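Input: a single structure, listed below in structure tokens.
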């Protein structure tokens, strides 16, 4: 069921990304670009931890806010046992709730945080999620040093972390959210995450439309995490077939890299939507150019072992509904929100 | 901060355990004991998924309740990318929030679920967590087929799953909870989880005592998840050194196996507290023999990779405060709660 939330705003955001991401079309939007993807560390896994630490540290300093002013930290990543988040965020000493929804972590965290803040269990909560190309590739597929050939349907796991602080004030509010139901449509190809995740995105969006009595035209934009080119086509086909065509769609995975960056179907990984939404779309929302957005991160819930054992790749998508608006005025009909330039 | 919750009760519980657990001192308390730890499956990982499915299925049938009457499912386990939960619980089609706190999953899930129900974001939520000895050992240490020697400080990962349904009625209520802060005290021994987790349990409990102005004597019992014999001693030492001695302590890991079962320091794994608390302590609470309990699951947040890379083993403990009482009467002073026999 859709859960309405009150008094929850995006207070602050920051991103820390790798070299390839810093050479892409969004290069001027990120807060920190690392020169060699190592973030000063001697393993890829520690590098990812450091990117997560940097993202939250920068988000706190932009607020500005001390870690002690944040009641809860929700974080997760793709590494086995989510160690990137755990080690990277240890130093903040904020009460810690580990989450795991693969690349759906961002909106899983935002949804839980929003519901907890709205219900009075926390005043402010931080949501941090990350991925690292070299850590993810060697864990899920092969070490990049092998130079394995990537099939055309493959995506490029983003090196990057995004840190969000949700709380009592801001220019963008979270008005409701919908938790996803895990979908398994029989997809087994570890190099085609888009096909695994598209049915989950469609399922969550269609449930949302049906329960809210709305459709795509009621929103400025419907943003997905990392379906990529192929997954986005499937997603739109599934929505159209169900009588809910989606024309106003953007996928963070398709925006991260340029055509000449050899990313095939686009970016993927928890760090993709975490950095692209915050760095690219959030500023547009904060200045009122975008006023009414549905944000869905999608996650493929397999492990290397489950694939080896012949299991399918189930997926899940969680939806968060964001609106432009500094004050709490309840739900506004789409299009009536005032638009203005960034102050 | 301690979050007070209202109107949250344990509605139903069920457990599914393995053979060794079914031969231990609690053998008559479990709902399902598997004959060979395989749960009818052809891999240990699929067996764990099936144990999770069984636990939730039995909890639903004991309620009785249909899956569609549960708004949210919070689940996690120790397998890479938490696949035991994801695959095992797919068939219920309940909106799914994956959590990861290692062996702290049970109280992490209970705390989030309680806060969400109390805040109005859900009417009912299920919390399911599991572990499997053979799946965990080959992932974290060595395949059991190697017959590796286990050091004296080792614990025995429990094969078992517990499913809890929280909601609007029951005989045991969750009155407040405290989310843990990750602790890293420099422990590096993968075969001494008790030493890694004891400081986290002590930290959470001491924060709880200080904020609530209570001490151990205000509660019937303080229950930890799987500190084991060694970890429990460390935990009690740490509490005593801080001026908050804990005499009334029980550890689920120390209760699961008999002395002749070669479990060394005791049971461990998410399935330990999930099955022992529900099968052993919860019935005592439901009949009023235990009226006021602090429950803390503790989790060690490392991965095999992080250990190989020389990292410490951080840990976290989340606390849930449970009281006997069918009706919502607000907080009661300790000792004043009426006790009565099971109906």
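Protein chains in written order, with this note's numbering: chain A, 9 to 351; chain B, 9 to 351.
Where a beta carbon is used, it is the ideal one built from N, C-alpha and C, also for glycine.
Being a predicted model, the structure only gives us computed values, none of them experimental.
Same chain, Cβ closer than 6 Å to residue 162(A), five either side skipped, listed in chain order:
As a position in the first chain, residue 162(A) is number 154, starting the count at 1. These residues qualify, in order along the chain: 199, 272.
Per DSSP, which one or two residues make a beta bridge with residue 41(B)?
Indexing the second chain from 1 puts residue 41(B) at position 33. Answer is 25(B).
Would you call the stretch 65 to 73 of chain A in contact with the stretch 230 to 245 of chain A, where contact means no fewer than 3 C-beta pairs closer than 8 Å?
no
For residue 181(B), which of 243(B), 126(B), 319(B) has the nearest alpha-carbon?
Residue 181(B) sits at position 173 when you count from the first residue of the second chain. Comparing Cα positions, the closest option is 126(B).
If you follow the beta strand (DSSP E) that residue 139(A) is part of, which residue opens it and which one closes it?
Taking the first residue of the first chain as 1, we reach residue 139(A) at position 131. Unbroken beta strand (DSSP E) run through residue 139(A): 133 to 139.
Could you tell me the alpha carbon to alpha carbon distance between residue 345(B) and residue 231(B), rounded to whole angstroms?
Within the second chain, numbered from 1, the residue matching residue 345(B) stands at position 337. Within the second chain, numbered from 1, the residue matching residue 231(B) stands at position 223. Legend: pLDDT at residue 345(B) = 35, less than 50; position of this residue unreliable, value from coordinates given subsequently. Taking the straight line from one Cα to the other gives about 19 Å.
Which stretch, first to last residue, makes up the alpha helix (DSSP H) that contains residue 54(A)?
One-based indexing of the first chain puts residue 54(A) at position 46. Note, residue 54(A): alpha helix (DSSP H), 52 to 70.
Is the number of C-beta pairs between the stretch 25 to 35 of chain B and the stretch 322 to 331 of chain A that are closer than 8 Å three or more?
no
DSSP puts residue 280(B) in a beta bridge; with which residues?
Residue mapping note: residue 280(B) aligns to position 272 of the second chain, counting from 1. None; residue 280(B) has no bridge partner.
Residue 317(A): contacting residues in chain B (beta-carbon distance under 9 Å):
Looking up residue 317(A) in the first chain gives position 309. Residues of chain B passing the Cβ test: 50, 51, 53, 54.
Report the rounded CA-to-CA distance for residue 59(A) versus residue 278(B), giving the unit in angstroms.
The sequence position of residue 59(A) within the first chain is 51, counting from 1. The sequence position of residue 278(B) within the second chain is 270, counting from 1. Straight-line Cα distance between these residues: approximately 29 Å.
Bridge partners of residue 18(B), per DSSP?
Locating residue 18(B) in the second chain gives position 10, counting from the first residue. 174(B), per the DSSP bridge assignment.
Pairing CB atoms from the stretch 251 to 263 of chain B with CB atoms from the stretch 144 to 156 of chain B, are three or more of them under 8 Å?
no
Compare the beta carbon distance of residue 135(A) and residue 117(A) with 8 Å and say whether it is the shorter of the two.
The count along the first chain starts at 1 and reaches residue 135(A) at position 127. The count along the first chain starts at 1 and reaches residue 117(A) at position 109. Cβ atoms of residue 135(A) and residue 117(A): closer than 8 Å.
Per DSSP, what kind of secondary structure is residue 102(A) in: helix, strand or coil?
Within the first chain, the letter at position 94 stands for residue 102(A). Coil at residue 102(A), not helix or strand.
Would you verify that the beta carbon of residue 192(A) is, or is not, closer than 8 Å to some beta carbon of chain B?
In the first chain, the residue the question calls residue 192(A) occupies position 184. Chain B, which has a Cβ nearer than 8 Å to the Cβ of residue 192(A), makes this yes.
Exposure label - residue 276(B); buried when at least 16 CB within 10 Å
Here residue 276(B) refers to the residue found at position 268 of the second chain. Label assigned to residue 276(B): buried.
Might you give, ordered along the chain, the residues of its own chain that have their beta carbon closer than 6 Å to the beta carbon of residue 47(A), omitting 5 neighbours on each side?
Counting from one through the first chain, the residue named residue 47(A) turns up at place 39. Hits under 6 Å: 55, 58, 59.
I'd like the list of long-range same chain contacts for residue 333(A), defined as Cβ closer than 6 Å, with 5 residues on each side in sequence excluded.
By one-based count along the first chain, residue 333(A) stands at place 325. 181.
Give the range of the beta strand (DSSP E) segment to which residue 129(A) is assigned.
On the first chain, residue 129(A) is found 121 positions in, with the first residue counted as 1. Neither: residue 129(A) is in no beta strand (DSSP E) and is coded neither H nor E.
Neighbour list for residue 266(B) in chain A, Cβ cutoff strictly below 7 Å:
Position 258 of the second chain, counting from 1, holds the residue named residue 266(B). Near residue 266(B) there are no residues of chain A at all, since even the closest Cβ is about 30 Å away, more than 7 Å.
Checking contacts by CB at 8 Å: is residue 280(A) closer than that to chain B?
Numbered from 1 along the first chain, position 272 holds the residue referred to as residue 280(A). Output row for residue 280(A): interface = no.
Segment contact, 8 Å Cβ cut-off, at least three pairs: the stretch 213 to 231 of chain B with the stretch 296 to 315 of chain B:
In the pairwise beta carbon analysis, the stretch 213 to 231 of chain B is classified as touching the stretch 296 to 315 of chain B: at least three pairs are separated by under 8 Å.
Curious, which full-length alpha helix (DSSP H) runs of at least 4 residues does the stretch 203 to 250 of chain A contain?
236 to 249
Since residue 328(A) sits in a beta bridge, which residues does DSSP pair it with?
Stepping through the first chain from its first residue, residue 328(A) is reached at position 320. Beta-bridge pairing links residue 328(A) to 185(A), 303(A).
Using a Cβ-Cβ cut-off of 6 Å (strictly less than) and excluding sequence neighbours within five positions of residue 350(A), which residues of its own chain qualify?
The sequence position of residue 350(A) within the first chain is 342, counting from 1. Per-residue confidence for residue 350(A) stands at a pLDDT of 30, beneath the threshold of 50, marking its modelled position as unreliable; no derived number is given.
Between the stretch 239 to 252 of chain A and the stretch 200 to 220 of chain A, can you find at least three pairs of beta-carbon atoms closer than 8 Å?
yes
Residues of the stretch 91 to 112 of chain A with Cβ closer than 8 Å to any Cβ of chain B, in chain order
Along the stretch 91 to 112 of chain A, the positions whose C-beta sits under 8 Å from a C-beta of chain B are 91, 94, 95, 97, 98, 101, 102, 103, 104, 105, 106, 107, 108, 109, 110, read in chain order.
Interface residues of the stretch 158 to 190 of chain A facing chain B [CB-CB below 7 Å]:
187, 188, 189, 190
Using beta-carbon positions only, say whether residue 216(A) and residue 10(A) come within less than 8 Å of one another.
Taking the first chain and counting its residues from 1, one reaches residue 216(A) at position 208. Taking the first chain and counting its residues from 1, one reaches residue 10(A) at position 2. Result yes, Cβ atoms of residue 216(A) and residue 10(A) sit closer than 8 Å.
For residue 316(B), the nearest candidate out of 21(B), 197(B), 192(B) (CA to CA):
Here residue 316(B) is taken as the residue at index 308 of the second chain, counted from 1. Nearest C-alpha to residue 316(B): 197(B).
Can you look up residue 337(B) in the DSSP assignment and give me helix, strand or coil?
The residue you call residue 337(B) lines up with position 329 of the second chain. Per-residue confidence for residue 337(B) stands at a pLDDT of 42, beneath the threshold of 50, marking its modelled position as unreliable; the derived number appears in the next sentence. Residue 337(B): coil per DSSP, three-state reduction.
Cβ shell of residue 242(A) (< 7 Å), same chain only, five flanking positions each side left out:
In the first chain, residue 242(A) corresponds to position 234, counting from 1. Same-chain partners within the cutoff: 202, 203, 206.
Starting from residue 258(B), follow the beta strand (DSSP E) in both directions and report where the run begins and ends.
As a first step, residue 258(B) is located in the second chain; it is residue number 250 there, counting from the start. Its beta strand (DSSP E) spans residues 257 to 259.
Taking the straight line between their C-alpha atoms, what separation do you get for residue 312(B) and residue 84(A)?
What you label residue 312(B) is simply residue 304 of the second chain in a count that begins at 1. What you label residue 84(A) is simply residue 76 of the first chain in a count that begins at 1. Going by the C-alpha atoms only, they are around 17 Å apart.
Is it right to say residue 35(B) is buried, meaning 16 or more other beta carbons lie within 10 angstroms of its own, or is it exposed?
On the second chain, residue 35(B) is found 27 positions in, with the first residue counted as 1. Classification for residue 35(B): exposed.
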